[in-house]
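**Q**
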DNA sequence: GCCTCCATGTAATTGGTTACATGATTCT
DNA sequence: AGAATCATGTAACCAATTACATGGAGGC
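Chains as they are written, first to last, in my numbering: chain A, 403 to 581; chain B, 403 to 581.
#1: Distance, Cα to Cα, residue 498/B vs residue 435/B?
#2: One question on the structure: do residue 596/A and residue 494/B come within less than 8 Å of each other, judged by their Cβ atoms?
#3: From the DSSP secondary-structure annotation, give me the bridge partner or partners of residue 419/B.
#4: Counting only runs of 4+ residues fully inside the region 475-548 of chain B, write out the alpha helix (DSSP H) ranges in chain order.
#5: Would you tell me roughly how many angstroms separate the C-alpha atoms of residue 515/B and residue 496/B, rounded to the nearest one?
#6: Secondary structure at residue 551/B, three-state DSSP: helix, strand or coil?
#7: Would you report the Cα separation of residue 527/A and residue 423/A, rounded to the nearest angstrom?
#8: Less than 8 Å between the C-beta atoms of residue 503/B and residue 550/A, yes or no?
#9: Per DSSP, what are the beta-bridge partners of residue 448/A in this structure?
#10: Assuming residue 411/A and residue 478/A make a contact with CB atoms under 8 Å, what is their CB distance in whole Å?
#11: Distance cutoff 8 Å, beta carbons only. Does residue 538/B sit that close to anything in chain A?
#12: Would residue 411/B pass as an interface residue toward chain A - the criterion being a Cβ-Cβ separation below 8 Å?
#13: Counting only C-beta atoms, is residue 494/A closer than 8 Å to chain B at any point?
#14: May I ask which residues mark the beginning and end of the beta strand (DSSP E) holding residue 460/B?
#15: Taking only beta-carbon atoms, is residue 480/A less than 8 Å away from chain B?
#16: Find the nearest neighbour of residue 357/B within the set 490/A, 409/A, 433/A, judged by alpha-carbon distance.
#17: Quick one: measure Cβ to Cβ for residue 414/B and residue 475/B, integer angstroms, because I've assumed they're closer than 8 Å.
#18: Just to make sure I have the definition right: I need the residues of chain B whose C-beta is within less than 7 Å of the C-beta of residue 487/A. Which are they?
#19: Near residue 517/B, which residues of its chain fall below 6 Å by C-beta distance, leaving aside the five closest residues on each side in sequence?
#20: Applying the 10 Å Cβ sphere with the 16-neighbour rule, what's the burial state of residue 544/B?
#21: In whole angstroms, what is the alpha-carbon distance linking residue 501/A and residue 471/A?
#22: Would you kindly work out how many angstroms separate the C-alpha atoms of residue 586/B and residue 525/B, rounded to a whole number?
The structure is reproduced here in structure tokens:
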């Protein structure tokens, strides 16, 4: 149940509303975790009932701001330090690579070209974020380390897709071209 | 609903039982997709009812072997060629990196050391598989391309974890050490 | 007045995990 | 005889998506 801890971790940085949290999952955290507002609101209510967060402000249009409590901080730290990450993988883009041989050769090449383009574009966006001025608070430093993983990941996969295209060859495998 | 297409793709290679498929998800496909037998058996029944696979043999202990039908092959090809991969990411190990600042510094370093070790070990296992003799049929070639992504991915993340440790510093950030 | 964004929630359904349940075959 | 592995299935529960539902505030 990582959504719970994702919410606690985000609220450890600063108080936010469900709406704010939804935007975080849609933007900066999208590379790492995803959640919709319909999952976030009920989970916030449960965290509040469990005493791990509490409402600290009310705004226009029924806006409710939540802050983490001491119990919540203890709980997110316990999770971080005493449990191991769930490594379950479900990556549809790789599943498709596994089945590349089922595609018409031209479609397979299209797919890999699309993958390279996708990862190259994402790499560009991440590099842009990395090159823009950032604060030096601990949370921002952690975010920068996570972003670095993203940058290296996208670069690796873009390069891999280019390699796979060469490996597949234009019309049948080519030889004498270095990896 | 990618499990459905994962099963069709695997059965496109050769007829298998639910038990066989469960083992594939536990071994060679584990890097790419995961599923338990309790999800696989009902899904096979649905695919059979939909005419996308059919039972081609019965063995000891109620074993049932399924093969893909023409309709099934058409469906998996349609999925591969006419739909785009779902890019939703949910990676708990990166979520924890995002919250690294919440950990005691020593625990944070432990975590990154663990990550490096984990990815280095996985890299070793993948490289071993890659260096062992493989067949040259189309499905094996696709599997090799997928494995190459895995190798590069693990190497990248192991190197990243090492970088992150240096970036964090032993006791406070060190300077003058190149990235 | 209308559009966009802000803001919260619930309901129905699907996808996935854990636990329950059973039994045959093979190896030692 | 006992253990490990083969083999299939269902039920209860949890996690996540899609769709439904409502309405206020601010800009133009």
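Every residue gets a Cβ at the ideal spot worked out from N, C-alpha and C, and that includes glycine.
Because the structure is a prediction, the values reported are computed rather than measured.
**A** With the given structure in hand:
#1: For the purposes of this step, residue 498/B is taken as the residue at position 96 of the second chain. For the purposes of this step, residue 435/B is taken as the residue at position 33 of the second chain. Spanning the two alpha carbons is a distance of roughly 22 Å.
#2: The structure shown has nothing for residue 596/A, since chain A only spans 403 to 581.
#3: One-based indexing of the second chain puts residue 419/B at position 17. Beta-bridge analysis with DSSP links residue 419/B to 467/B.
#4: Complete alpha helix (DSSP H) runs here, min 4: 494-500, 507-533.
#5: Here residue 515/B is taken as the residue at index 113 of the second chain, counted from 1. Here residue 496/B is taken as the residue at index 94 of the second chain, counted from 1. Put simply, the backbone Cα of residue 515/B is about 14 Å away from that of residue 496/B.
#6: Taking the first residue of the second chain as 1, we reach residue 551/B at position 149. Three-state result, residue 551/B: helix.
#7: Your numbering for residue 527/A matches position 125 in the first chain. Your numbering for residue 423/A matches position 21 in the first chain. In a straight line, the C-alpha of residue 527/A is about 22 Å away from that of residue 423/A.
#8: Numbered from 1 along the second chain, position 101 holds the residue referred to as residue 503/B. Numbered from 1 along the first chain, position 148 holds the residue referred to as residue 550/A. No, these two residues do not count as a Cβ contact at 8 Å.
#9: In the first chain, the residue the question calls residue 448/A occupies position 46. Under DSSP, residue 448/A shares a beta bridge with no residue.
#10: Here residue 411/A is taken as the residue at index 9 of the first chain, counted from 1. Here residue 478/A is taken as the residue at index 76 of the first chain, counted from 1. With a Cβ gap of about 5 Å, residue 411/A and residue 478/A count as contacting.
#11: Here residue 538/B is taken as the residue at index 136 of the second chain, counted from 1. Any Cβ of chain A closer than 8 Å to the Cβ of residue 538/B would place that residue at the interface, and such an atom is absent.
#12: Within the second chain, numbered from 1, the residue matching residue 411/B stands at position 9. Yes, residue 411/B lies at the interface with chain A (some Cβ there is under 8 Å from its Cβ).
#13: Along the first chain, read from residue 1 onward, the residue named residue 494/A stands at position 92. Yes, residue 494/A lies at the interface with chain B (some Cβ there is under 8 Å from its Cβ).
#14: Position 58 of the second chain, counted from the first residue, corresponds to residue 460/B. Looking at the DSSP string, the run of the beta strand (DSSP E) that includes residue 460/B is 455-460.
#15: Within the first chain, residue 480/A is the residue found at index 78, counting from 1. With 8 Å as the cut-off, residue 480/A does not count as an interface residue toward chain B.
#16: The structure shown does not extend to residue 357/B, since chain B spans only 403 to 581, so no value can be given for it.
#17: Here residue 414/B refers to the residue found at position 12 of the second chain. Here residue 475/B refers to the residue found at position 73 of the second chain. Cβ atoms of residue 414/B and residue 475/B come within 8 Å of each other, at about 6 Å.
#18: Here residue 487/A is taken as the residue at index 85 of the first chain, counted from 1. Within chain B, the residues near residue 487/A are 494, 495, 498.
#19: On the second chain, position 115 is the one that residue 517/B refers to. The residues are 563.
#20: Here residue 544/B refers to the residue found at position 142 when the second chain is read from its first residue. In summary, residue 544/B is buried, with 16 or more beta-carbon neighbours lying within 10 Å of its beta-carbon over all protein chains present.
#21: To locate residue 501/A, count along the first chain from 1; it is residue 99. To locate residue 471/A, count along the first chain from 1; it is residue 69. Cα atoms of residue 501/A and residue 471/A: separation of roughly 48 Å, rounded to the nearest angstrom.
#22: Outside the shown range of chain B, which is 403 to 581, sits residue 586/B, and nothing can be said about it.
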